[in-house]
Amino acid sequence: MYKKNKVTKWIVTIIMLVIGVMCIYPFIFMLSSSFKPSGDVLMKPFELIPSNFTLKNITGLFNSEYYNFPLWYWNTILMTGITLLLKLFLITLTAYGFSKIQFKGRDAIFLVLLAALMIPSDIMILPRYIIFKNLKLLNTMWAIIIPSCVDVYFVFLLRQSFISIPDSISEAAKIDGCNHFKIYYSIIVPLAKPAIATMMLFSFVWTWNDYMSPYLYISDIKKQMLSVGIKLFSSGQVQDYGAQMAAATLVLLPIIVMFLFCQRYFVEGVTSSGVKG
Numbered sequence: 234m235y236k237k238n239k240v241t242k243w244i245v246t247i248i249m250l251v252i253g254v255m256c257i258y259p260f261i262f263m264l265s266s267s268f269k270p271s272g273d274v275l276m277k278p279f280e281l282i283p284s285n286f287t288l289k290n291i292t293g294l295f296n297s298e299y300y301n302f303p304l305w306y307w308n309t310i311l312m313t314g315i316t317l318l319l320k321l322f323l324i325t326l327t328a329y330g331f332s333k334i335q336f337k338g339r340d341a342i343f344l345v346l347l348a349a350l351m352i353p354s355d356i357m358i359l360p361r362y363i364i365f366k367n368l369k370l371l372n373t374m375w376a377i378i379i380p381s382c383v384d385v386y387f388v389f390l391l392r393q394s395f396i397s398i399p400d401s402i403s404e405a406a407k408i409d410g411c412n413h414f415k416i417y418y419s420i421i422v423p424l425a426k427p428a429i430a431t432m433m434l435f436s437f438v439w440t441w442n443d444y445m446s447p448y449l450y451i452s453d454i455k456k457q458m459l460s461v462g463i464k465l466f467s468s469g470q471v472q473d474y475g476a477q478m479a480a481a482t483l484v485l486l487p488i489i490v491m492f493l494f495c496q497r498y499f500v501e502g503v504t505s506s507g508v509k510g
């Protein structure tokens, strides 16, 4: 029986290893192709260590006469940073109000907000476009930032996390003279770091990779974001695959850094939610 279980474990391990390699190969291929001449990208797809190593694809992105890649990168960093800061404040404050403050109609209002989750996002494209046009927000990054900051899903997520924090802690703080805002930023937010880190991680990935909003609401190429800007690399008759792979690698790099930074809190949140009950 022991030998049978050991063989089964080895078989499962090998199968999972093969699946893991298949899943990670596109990323390795992209990273490897970033340092290959464009002609070698498709001619030598399985050459993971480039024989003709070059940095021209990356340096060319920042010295191109046709594309302003550094400006797109800066626009995306600025837009994502402002979105995360505003979202962190607005979502956590809203979740605190729905979880720790008793007021008339609280549950009814929250149910109305949850009902908004059932509305398909594609239906809101035209109304948002008209509203932004009337507010003169078209062709600005605020047309992307404002809808991203109003996220009912994360209000629900953080509300549930805040509810799990005992009310006795808040009541003790009130006895000591703390108001709601001090309880919010001194007690509730620090205790809910795993849930907040999860929100920030997913929000960063969704905002950084958003293609539809910049494509619809921004028309000036100088104000464009990376997700739309790198599409121009494949819009000509001649495809520069090396530049495309280098651009994709640089776009993906901040996401990896963000995940590594939030990984501890993310795993902590999953672990803590798994042992409750």
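Residue numbers (my numbering): 234 to 510. Glycine included, every Cβ here is placed at the ideal spot set by N, Cα and C. Predicted, not measured: the structure shown is a model, and the values here were computed from it.
Quick one: using the 10 Å Cβ neighbour count with 16 as the cut-off for buried, is N466 buried or exposed? For the purposes of this step, residue 466 is taken as the residue at position 233 of the sequence shown. Going by the sequence as given, residue 466 is Phe instead of Asn. That one is buried.
What span of residues does the alpha helix (DSSP H) with L318 cover, start to end? Numbered from its first residue, the sequence shown carries residue 318 at position 85. It spans 302 to 333 - the alpha helix (DSSP H) in which L318 sits, taken as one unbroken run.
Whose CA, out of Q477, T482, C495, lies closest to the CA of Y300? Within the sequence shown, numbered from 1, the residue matching residue 300 stands at position 67. Closest by alpha carbon: Q477.
For the alpha helix (DSSP H) holding V191, just list the boundary residues, first then last. Examination of residue 191 is not possible in this model, given that the chain is present from 234 through 510 alone.
Would the region 378 to 385 and the region 432 to 451 be scored as touching if the rule is three or more Cβ pairs under 8 Å? yes
At the level of alpha carbons, what is the spacing between K333 and S401? Here residue 333 refers to the residue found at position 100 when the sequence shown is read from its first residue. Here residue 401 refers to the residue found at position 168 when the sequence shown is read from its first residue. K333 and S401: Cα-Cα distance of roughly 11 Å.
Would you report the Cα separation of L322 and W307, rounded to the nearest angstrom? If you number the sequence shown from 1, residue 322 lands on position 89. If you number the sequence shown from 1, residue 307 lands on position 74. First, the amino acid is wrong: residue 322 is Phe here, not Leu. The straight-line gap from Cα to Cα measures roughly 23 Å.
Can you give the Cα-Cα distance for T313 and F295, rounded to whole angstroms? Locating residue 313 in the sequence shown gives position 80, counting from the first residue. Locating residue 295 in the sequence shown gives position 62, counting from the first residue. About 21 Å.
DSSP three-state call for M551: helix, strand or coil? Because the chain here runs from 234 to 510, residue 551 falls outside it and cannot be looked at.
Burial state of C495 (16 or more Cβ within 10 Å): Residue numbering aside, residue 495 sits at position 262 when the sequence shown is read from its first letter. C495 is buried by the Cβ-count criterion.
Could you tell me the distance, in whole angstroms, from the CA atom of Q472 to the CA atom of T292? What you label residue 472 is simply residue 239 of the sequence shown in a count that begins at 1. What you label residue 292 is simply residue 59 of the sequence shown in a count that begins at 1. Going by the C-alpha atoms only, they are around 17 Å apart.
Using 8 Å as the Cβ pair cut-off and three pairs as the minimum, do the region 484 to 491 and the region 423 to 442 touch? yes
If we count the other Cβ atoms within 10 Å of its Cβ and call it buried at 16 or more, is V251 buried or exposed? As a position in the sequence shown, residue 251 is number 18, starting the count at 1. Exposed.
Spatial neighbours of L349 within its chain, please: C-beta separation below 6 Å, excluding the five flanking residues on both sides. Stepping through the sequence shown from its first residue, residue 349 is reached at position 116. Per the sequence shown, residue 349 should be read as Ala rather than Leu. Hits under 6 Å: V385.
Just mark D273 as buried or exposed, buried being the case when its beta carbon has 16 or more other beta carbons within 10 Å. Stepping through the sequence shown from its first residue, residue 273 is reached at position 40. By the 10 Å Cβ count, D273 comes out buried.
Since M416 and A430 should fall inside the 8 Å C-beta cutoff, what is the C-beta to C-beta distance between them, to a whole number of angstroms? Here residue 416 refers to the residue found at position 183 of the sequence shown. Here residue 430 refers to the residue found at position 197 of the sequence shown. Note that residue 416 is Ile in the sequence shown, not Met. Not quite, the Cβ-Cβ distance comes to about 20 Å (not below 8 Å), so this is no contact.
By Cβ distance below 8 Å, which residues in the same chain neighbour I317 in space, the five residues on each side in sequence not counted? Residue numbering aside, residue 317 sits at position 84 when the sequence shown is read from its first letter. The sequence as given places Leu at residue 317; Ile does not occur at that position. Excluding sequence neighbours, L317 sits near M433, S436, F437, T440.
Do you know whose CA, among A479, P487, L485, lies nearest F286's CA? What you label residue 286 is simply residue 53 of the sequence shown in a count that begins at 1. The option with the nearest alpha carbon to F286 is A479.
Alpha carbon of I463 to alpha carbon of A481, nearest angstrom: The count along the sequence shown starts at 1 and reaches residue 463 at position 230. The count along the sequence shown starts at 1 and reaches residue 481 at position 248. If I take the Cα positions, the gap works out to 8 Å.
Using only the alpha-carbon positions, how far apart do F302 and L326 sit? Residue mapping note: residue 302 aligns to position 69 of the sequence shown, counting from 1. Residue mapping note: residue 326 aligns to position 93 of the sequence shown, counting from 1. Between F302 and L326, the C-alpha separation is close to 36 Å.
For the alpha helix (DSSP H) holding I379, just list the boundary residues, first then last. Start at 1 with the first residue of the sequence shown, and residue 379 comes out as number 146. 375 to 382 is the span of the alpha helix (DSSP H), which, as asked, contains I379.
Could you pull out every residue in the same chain whose Cβ sits closer than 7 Å to the Cβ of L275, ignoring the five residues on either side in sequence? The count along the sequence shown starts at 1 and reaches residue 275 at position 42. Excluding positions up to five away in sequence, the list reads Y474.
K337: buried (16+ other C-beta within 10 angstroms of its C-beta) or exposed? The sequence position of residue 337 within the sequence shown is 104, counting from 1. Exposed: under 16 other Cβ atoms inside 10 Å.
Using the beta-carbon count (16 or more within 10 Å), is V422 buried or exposed? Within the sequence shown, residue 422 is the residue found at index 189, counting from 1. Answer is buried; the Cβ neighbour count reaches 16.
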